[in-house]
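A.B. asks: Got a structure for you, written out below as structure tokens; questions coming shortly.
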């Protein structure tokens, strides 16, 4: 599924992806500065493959994806993937392809918008993700909106001559910042039901 437009702060918005946006992904993903923490560097990045991925994303019923826009220009993508509609759980991810824009709070705002949508519109119970432990910026962006570490996967992948550990994070609606719209949601509290089994660290 293609996500709806979500207006954010400081020039950041999540917008429905287009095929033209998907065709930007290969150029972003081959930039060493942008793809440093993406894992092994291989895969098909042809225009035909991108068109297929776009169609699969648009038709998919267990994922929702956005293009990240900054001041009206596409700069990356984010989404909720592998959604389990029974357990109300989904895996999240984000990629900023413009490394010259790092440090402007784009990732933090994109994560805030995406996570708020997970609670307000999809009514998910939990979202989780995997982030390279060395990727401090991405971890901070997730922690700002309530993600907490639930584990660490040592030596998860090999890249550029070294092994990378992965930080495993999760968030629940009741850990979302209270100054956001989701503060009005009637959400289960930590410690009730099976959510207590997923307490942070």
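Residue numbers (our numbering): 1488 to 1688. No residue lacks a Cβ here, since even glycine has one placed at the ideal position from N, Cα and C. Given the structure is predicted, the values throughout are model-derived calculations rather than measurements.
(1) Using three-state DSSP, classify residue 1645 as helix, strand or coil.
(2) What whole-angstrom Cβ distance do residue 1537 and residue 1561 have, given they're in contact under 8 angstroms?
(3) On the criterion of 16 or more Cβ atoms from any shown chain inside 10 Å, does residue 1653 qualify as buried, or is it exposed?
(4) Under the rule that 16 or more other beta-carbon atoms within 10 Å means buried, what is residue 1517, buried or exposed?
(5) For residue 1555, which option in 1619, 1515, 1572 has the closest C-alpha, if you only look at C-alpha atoms?
(6) What's the call for residue 1579, buried or exposed, on a 16-neighbour Cβ count within 10 Å?
(7) Report the three-state DSSP secondary structure of residue 1629 (helix, strand or coil).
(8) Go to residue 1615, then tell me how far its beta strand (DSSP E) extends in each direction, as first and last residue.
(9) With H, G and I counted as helix, E and B as strand and the rest as coil, what does DSSP make of residue 1598?
(10) Quick one: Cα of residue 1500 to Cα of residue 1648, how far?
(11) Name the residue from 1535, 1605, 1524, 1494 whose alpha carbon lies nearest to the alpha carbon of residue 1506.
(12) According to DSSP, simplified to helix, strand and coil, what is residue 1548?
(13) What is the residue span of the beta strand (DSSP E) that residue 1512 lies within?
(14) Return the CA-CA distance between residue 1583 and residue 1594, expressed in angstroms with no decimal places.
(15) Hey, could you find the ends of the beta strand (DSSP E) residue 1501 is sitting in?
(16) Taking the C-alpha atoms as reference points, what is the distance between residue 1520 and residue 1597?
(17) List the residues that DSSP assigns as beta-bridge partners of residue 1561.
C.D. replies: The answer reads as follows:
(1) Position 158 of the chain shown, counted from the first residue, corresponds to residue 1645. Residue 1645 falls in the strand class under three-state DSSP.
(2) Against the chain shown, residue 1537 aligns to sequence position 50. Against the chain shown, residue 1561 aligns to sequence position 74. Their Cβ separation, rounded to whole angstroms, is 14 angstroms, which puts residue 1537 and residue 1561 out of contact at 8 angstroms.
(3) As a working note, residue 1653 is residue 166 in the chain shown. Buried, since its Cβ has 16 or more Cβ neighbours within 10 Å.
(4) As a first step, residue 1517 must be located in the chain shown, where it is residue number 30. The C-beta of residue 1517 has fewer than 16 other C-beta atoms within 10 Å across all chains shown, which makes the residue exposed.
(5) Here residue 1555 is taken as the residue at index 68 of the chain shown, counted from 1. Here the closest residue by C-alpha is 1515.
(6) For the purposes of this step, residue 1579 is taken as residue 92 along the chain shown, with counting starting at 1. So residue 1579 ends up on the buried side.
(7) Position 142 of the chain shown holds residue 1629. In the structure shown, residue 1629 sits in a helix (DSSP, three-state: H, G or I).
(8) Here residue 1615 is taken as the residue at index 128 of the chain shown, counted from 1. Element bounds for residue 1615: 1613-1619.
(9) Taking the first residue of the chain shown as position 1, residue 1598 is located at position 111. DSSP places residue 1598 in helix when its eight states are reduced to three.
(10) Taking the first residue of the chain shown as 1, we reach residue 1500 at position 13. Taking the first residue of the chain shown as 1, we reach residue 1648 at position 161. For residue 1500 and residue 1648, the distance between alpha carbons rounds to 36 angstroms.
(11) Here residue 1506 corresponds to residue number 19 of the chain shown, with the count starting at 1. Among 1535, 1605, 1524, 1494, the Cα nearest to that of residue 1506 belongs to 1535.
(12) Stepping through the chain shown from its first residue, residue 1548 is reached at position 61. In the structure shown, residue 1548 sits in coil (DSSP, three-state: anything other than H, G, I, E or B).
(13) Within the chain shown, residue 1512 is the residue found at index 25, counting from 1. Element bounds for residue 1512: not the beta strand (DSSP E) but the alpha helix (DSSP H), 1512-1516.
(14) Within the chain shown, numbered from 1, the residue matching residue 1583 stands at position 96. Within the chain shown, numbered from 1, the residue matching residue 1594 stands at position 107. Answer to the nearest angstrom: the Cα atoms are 7 angstroms apart.
(15) Within the chain shown, the letter at position 14 stands for residue 1501. For residue 1501, the enclosing beta strand (DSSP E) begins and ends at 1499-1502.
(16) Translated into the one-based positions of the chain shown, residue 1520 becomes position 33. Translated into the one-based positions of the chain shown, residue 1597 becomes position 110. Their Cα atoms are separated by approximately 19 angstroms.
(17) The sequence position of residue 1561 within the chain shown is 74, counting from 1. Its beta-bridge partners are 1556.
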